[in-house]
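In short: position in the sequence shown from 1, add 1, done, that's my numbering. No residue lacks a Cβ here, since even glycine has one placed at the ideal position from N, Cα and C. Take a look at the structure set out below.
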Amino acid sequence: MTKRNMILLDIDYITKDDKPVIRLFGKVKGKSNDIIALDDSFVPYLYIMPNGDIDDCINDLKELESAGKLKINVLEKAVKTDYQIPKEFIKLYLTHPQEVPQYRDDLWNLDSVKALREHDIPFYRRYLIDNDLIPMGELEIEGELIDSYETIDSDDENLEILKLSKAPITVNTDFQDLKMMSFDLEVYNPHGMPNSENDEIIMIGIDSNVGIRKVISTKGEEFLGDEEMGFIQSVHDEKEMIEEFVKTVKESNVDIIIGYNSDNFDFPYLKDRAKILGVDLDLGMDGSTVKFLRRGYANAASFKGLLHIDLYLVMRRYMSLDRYTLERVYLELFGEEKIDVPGERIYQFWDNGGEELKNLFKYSLDDVVATLKIADQILPLNLELTRFAGQPFFDVSRMSTGQQAEWFLVRKAYERNEMVPNKPNMTKGDVVKRGNNSGGYVREPEKGLHENLVQFDFRSLYPSLIISKNISPDVLVKDDDLDYFAEGNDMDLDTDEYYVCPEHYYKFKKEPKGFIPSVVGDILDERFKLKREMKACEDPVLKRSLDVQQQALKRLANTMFGSFGFLRFRWYSFECAQAITAWGRQHIKKAMKEAEKYGFYAIYADTDGFYAKYNPDKNDD
2 MTKRNMILLD
12 IDYITKDDKP
22 VIRLFGKVKG
32 KSNDIIALDD
42 SFVPYLYIMP
52 NGDIDDCIND
62 LKELESAGKL
72 KINVLEKAVK
82 TDYQIPKEFI
92 KLYLTHPQEV
102 PQYRDDLWNL
112 DSVKALREHD
122 IPFYRRYLID
132 NDLIPMGELE
142 IEGELIDSYE
152 TIDSDDENLE
162 ILKLSKAPIT
172 VNTDFQDLKM
182 MSFDLEVYNP
192 HGMPNSENDE
202 IIMIGIDSNV
212 GIRKVISTKG
222 EEFLGDEEMG
232 FIQSVHDEKE
242 MIEEFVKTVK
252 ESNVDIIIGY
262 NSDNFDFPYL
272 KDRAKILGVD
282 LDLGMDGSTV
292 KFLRRGYANA
302 ASFKGLLHID
312 LYLVMRRYMS
322 LDRYTLERVY
332 LELFGEEKID
342 VPGERIYQFW
352 DNGGEELKNL
362 FKYSLDDVVA
372 TLKIADQILP
382 LNLELTRFAG
392 QPFFDVSRMS
402 TGQQAEWFLV
412 RKAYERNEMV
422 PNKPNMTKGD
432 VVKRGNNSGG
442 YVREPEKGLH
452 ENLVQFDFRS
462 LYPSLIISKN
472 ISPDVLVKDD
482 DLDYFAEGND
492 MDLDTDEYYV
502 CPEHYYKFKK
512 EPKGFIPSVV
522 GDILDERFKL
532 KREMKACEDP
542 VLKRSLDVQQ
552 QALKRLANTM
562 FGSFGFLRFR
572 WYSFECAQAI
582 TAWGRQHIKK
592 AMKEAEKYGF
602 YAIYADTDGF
612 YAKYNPDKND
622 D
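Here is the structure:
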């Protein structure tokens, strides 16, 4: 048996002999060697909530199998907590993940089946959750080294294939130094938007943190001897340019390749041109070429074992700008303007030669330098979110913050033996019927020039309310007995048993602690711990790392409120969303009134804080 410590970069599964085989792609710890670990022991499963007697339901499942409509691998009883209530479920193990959608309808149609649960968690995500594996973290693996497996061949001395004899173990979640490379295409575009059938790639810019910085092009020989232009690598034609790009990526053995709008433009265009010219983009660790996977509403360019991050998508999620060009984002982050060439003039710079061609080369290089610099600034936060969500970095970088929070909760539910709810099936009619949430309290600013201003701010207002008022769908009391609450008496509605929100009068049990508040409480505790460590830390590198971690936790905690009102959120509860904002409005109004006792008069308020002017002589009586 062989043991290895690997850094987990990517995961998928293939089918061999009608069985799923998990593939873990990564790097051997302390080396640059690639490694692919194979696990054929994990099988898919789902939970069945019986409608009545559980044994009757089991008998119906066996009859379904006898009729050839179900293939049972293993069947067992399991107790899980479902909305604070321990319930007995049937845990049904199948042979292959594709059997889940195949059998789902027949299972639903059984009278003895009330519901199916956790049937829609993708197989590779299930593997990560159940084995407590953290992508980008360090795993201990053990098994047999083999020479080849399906289409993978370990003739390359840089690649090891390990068939696992037992499940991997996470030994370290601290992220390692990652080798990164940015790239960008410049395309000849005399007709405006380039057409991959006709318009050739004229430059491929590359920058990295492994000492590679260059622009590959069919021009540039005229600048030989110009030290300023020493970054140019001249090739004979476009085919050789793409081949040299592939060769550079392979030989550098980078972990992450980074583009800007590379999902929508660079990689689709490169794929098309490579196909026309007969070049294989075999950059995957298993020798595979680029594939486009559906992520959200768009396709994402993917290579097995080589992480591709599109910074354009990341920046749209984490910054609020009027436009998201590379130039605009770079200016916002670093206060510097980068070299710019108008897109519609690129072909003219190319054709004109001389100084304009020189500037085009500089522009191409500046694009990839700027992209890598942005990545250095932004990706650490995404890595931390990967740690918390426990899902592949490739996926997390393309998730909304709500999706990141949801996978974090799914992982926590598994740890606590909580049953994960199904996604709600809301219609447009349901949305219209429910109405809108009033949102946070806003007081328009008083006009004029003000002095003696003080800012009052609630620390993590919404997450704190979730915790203090135990706001969670599993402790929400859904009844109609709310008439006894008098209008206008919203300050003190709580009873011995319930927290009662103002305006809407929703009731939340004080005991037990709700699932969401308990998780959010852990998040805030960890965040405040990190902030204390930051304050005491004198090492600037460690301080930045701690800051990134606390920012990631802050983002997760703040996302919980918004997720309550998202129609596809597994823990969706419009009542919870309304209760949070109602209590938020109450708190800020109460704080403003209390501040007046000490001479602070609000001139502007918004959601979780307000500005007040100090005027001790003012008397409103």
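- Under DSSP, Thr-3 shares a beta bridge with Gly-144.
- Between the region 79-96 and the region 50-59 there are three or more C-beta pairs closer than 8 Å, enough to call the two in contact.
- DSSP, reduced to helix, strand and coil, places Ser-564 within a helical segment of the structure shown.
- In this structure, the alpha-carbon of Gly-306 lies about 35 Å from that of Glu-534.
- Using a 10 angstroms sphere on the CB of Val-216, the tally of other CB atoms reaches 16 or more, which defines it as buried.
- Residue burial annotation: Tyr-364 is buried, with at least 16 other C-beta atoms found within 10 angstroms of its C-beta.
- Between the region 374-391 and the region 406-421, the count of C-beta pairs closer than 8 Å reaches three or more; the two stretches touch.
- A Cβ-Cβ distance of about 6 Å is found for the pair Glu-139 and Ile-8, placing them in contact under the 8 Å criterion.
- Our two residues, Val-172 and Val-250, have alpha carbons roughly 29 Å apart in a direct line.
- For Pro-269, the uninterrupted alpha helix (DSSP H) run begins and ends at 268-278, by DSSP.
- The beta carbons of Ser-183 and Val-369 sit closer together than 9 Å.
- Only residues of its own chain outside the window of five on either side were considered, and among them Ala-613 have a CB closer than 6 Å to the CB of Ala-596, listed in chain order.
- Three or more Cβ pairs drawn from the region 159-173 and the region 129-136 lie within less than 8 Å of each other, which places the two stretches in contact.
- Between the alpha carbons of Asp-323 and Phe-611 lies a distance of about 26 Å.
- For Asn-300, the enclosing beta strand (DSSP E) has its first and last residue at 299-303.
- Between Lys-72 and Tyr-46, the C-beta gap is not smaller than 9 Å, which leaves the two residues out of contact.
- When beta bridges are read from the DSSP output, Gln-456 appears opposite Tyr-612.
- Taking all protein chains shown into account, Gln-551 has 16 or more neighbouring C-beta atoms within 10 Å of its C-beta and is therefore buried.
- Per DSSP, the beta-bridge partners of Thr-82 are Pro-87 and Glu-419.
- Separation of Lys-555 and Gly-285 (C-alpha to C-alpha, rounded to the nearest whole angstrom) is 35 Å.
- By the criterion of a C-beta distance shorter than 8 Å, Arg-317 is surrounded in its chain by Tyr-325, once the five residues flanking it on both sides are discounted.
- Contact check for Tyr-507 and Leu-547: beta-carbon distance about 37 Å, past the 8 Å limit, so the pair fails to qualify.
- Within the same chain, Cβ atoms closer than 7 Å to the Cβ of Met-561 are found at Ala-406, Pro-464, Ile-467, Ile-517 and Val-521, the five residues on either side in sequence being excluded.
- Where Arg-214 is concerned, the enclosing beta strand (DSSP E) starts and stops at 214-218.
- The continuous beta strand (DSSP E) containing Glu-161 extends over residues 160-165.
- According to the DSSP assignment, Tyr-48 belongs to the beta strand (DSSP E) that extends over 46-51.
- Here Gln-378 is exposed. Its C-beta has fewer than 16 other C-beta atoms within 10 Å.
- Rounded to whole angstroms, Ala-116 and Ser-519 show a C-alpha spacing of 26 Å.
- For the region 280-365, the full-length alpha helix (DSSP H) segments reaching 4 residues or more read 312-319, 327-335 and 347-353 along the chain.
- Pairing Ile-15 with Leu-410, the inter-Cα distance amounts to about 27 Å.
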